[in-house]
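Data first, discussion second: the structure below is written as structure tokens.
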């Protein structure tokens, strides 16, 4: 430090002395509330604008690229939701002053909850891209409390208000968001029907026996609410894929825990709204705290699982494959039960990468990984073996069962329809080699001048599957991998899009 005309200055080659950081300005409660209000209004404005833009281009909705049975189911559920809500609101009781107060408190608590937990929700939904996302969250506590204590018009308004704040959806197609909203409305109407048939219900001035009875009825209605919502979404997932297992239809264990936790919080909130409305606001902090705890526990579990999973496809990586496969083979050797191995190779994958771009290739790999997960059992071991190759280990599976699984995988991928964006930004729907053909109004296949199907250039999805089955005594992983690889080459030589076994 040397002296200058205006005081000491930094000499060349010397670092200036550290400066004490200035204390951060405190944010007053009024300023924080204003920021929250501005954020909510800005979010609603963006939601309205994007909804208007999407409504102006109905032909571009991702729904139309799904299977016809999925389109029919989604539209049917949405129509049922509209009819049920309309029927419920016709002749509904008029809202009283206390109903409006309860509605305002629930809307405010839900807004605070969503605002404080938005970062964690974004991380969880971002991590779930390409897979099945959580079906229900703790924010449903506020909507279920509305089901319990609000008249039908305010109940519907509360659900729509809460859902609007989640728009635009992160990592989800708009039609999926709309279908989830319709499912929630339909579940709320069904739960309210249960409450009305067991009512009327009052939550004030109850003795112990009456309060236990009210809680039991509310828990039953909450179970109906959560299970109906989960089942409606589960059926859509089952129609979209090939599996109709309980995990797909009713959700994962985490879905069940979150659903019943939200129901319990909703019941407590409903009781507080009637007896002590001010205390209901405390439930916002309780719900956020519970959500953060459950979210952190899930993130720790995901961090452990991500070290053993392929980030691109969601199936196991080399580390996870080696651990699980060796464990299953050791069990097969101990029990003498048969074990099978499939090697699944994407046909002409390099051409997809070269012509459409690597992001499209990644989307194809994700789709194949999803098919492999849904077409197999929970105990089966699915992994990405490298590049465009996948492996599937099938414990306790003989040749006939292996043939059924391999053919199911091959056929499902050959019938896929996968919307993607190519390297030029154009929307393209890649199709399997056996996907439904385009037809004219008379039902005749559309063909080009060369006699090929009009969408022949998009029919690029198929896999070749090599299979090997061994008894427990002969279960050697390296040998089975070599044999399955030879079977894949035999499937390629047979014209691709086929299954071959290695004796």
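In full-length UniProt numbering, the protein residues as written are 1 to 503.
Glycine included, C-beta positions come from ideal geometry on N, C-alpha and C.
- Rounded to the nearest whole angstrom, the C-alpha separation of residue 149 and residue 259 is 19 Å.
- Each of 386, 147, 235, 494 was checked against the Cα of residue 310, and the nearest Cα belongs to 386.
- Under a 10 Å Cβ-count criterion, residue 427 is classified as exposed, with fewer than 16 other Cβ atoms of the shown protein chains found around its own Cβ.
- Per DSSP, residue 187 is one residue of the alpha helix (DSSP H) stretching across 174-197.
- Each residue's CA atom was taken as its position, placing residue 325 and residue 153 some 55 Å apart.
- Between the region 214-221 and the region 266-281, the count of Cβ pairs shorter than 8 Å is three or higher; the stretches touch.
- For residue 225, DSSP records no beta bridge to any residue.
- Within the DSSP bridge table, the entry for residue 386 names 389 as partners.
- For residue 87, the enclosing alpha helix (DSSP H) stretches over residues 68-89.
- Beta-bridge annotation (DSSP): residue 343 is paired with 391, 466.
- Of the other Cβ atoms in all chains shown, fewer than 16 fall within 10 Å of the Cβ of residue 359; this residue is therefore exposed.
- Restricting attention to 467, 274, 429, the CA atom closest to the CA of residue 103 is found in 274.
- Boundaries of the alpha helix (DSSP H) around residue 149: 140-149.
- Look at residue 312 here: in three-state DSSP terms it is coil, with no helix or strand label.
- In this structure, residue 402 sits away from residue 393, with a CB-CB distance that is not shorter than 8 Å.
- For residue 445, the three-state secondary structure derived from DSSP is strand.
- Residue environment for residue 114: buried (at least 16 other C-beta atoms within 10 angstroms of its C-beta).
- Membership of residue 500 in the beta strand (DSSP E) is indicated by the continuous run 499-501.
- Residue 336 holds the alpha-carbon nearest to the alpha-carbon of residue 471 among 336, 183, 186.
- Closest in C-alpha terms to residue 363, from the list 175, 433, 449, 423, comes 423.
- Bridge pairing for residue 432: 461 [DSSP].
- Looking at the backbone, the Cα of residue 276 and that of residue 105 are separated by about 12 Å.
- Within the DSSP secondary-structure output, residue 418 pairs in a beta bridge with 430.
- Counting along the chain, the unbroken alpha helix (DSSP H) around residue 109 starts and ends at 97-116.
- With respect to residue 65, residue 434 sits apart: the two C-beta atoms are not nearer than 8 Å.
- Taking a C-beta distance under 8 Å as the contact criterion, residue 85 and residue 156 qualify as a contact pair.
- Boundaries of the alpha helix (DSSP H) harbouring residue 353: 349-356, taken from the DSSP string.
- Minimum Cα-Cα distance from residue 412 among the listed residues 344, 140, 235 corresponds to 344.
- Setting aside the 5 residues that flank it on each side, residue 199 has no residue in the same chain whose C-beta is closer than 7 Å to its C-beta.
- The DSSP-derived three-state label of residue 439 is strand.
- DSSP places residue 318 in the uninterrupted alpha helix (DSSP H) bounded by 318-335.
- The continuous alpha helix (DSSP H) containing residue 482 extends over residues 477-493.
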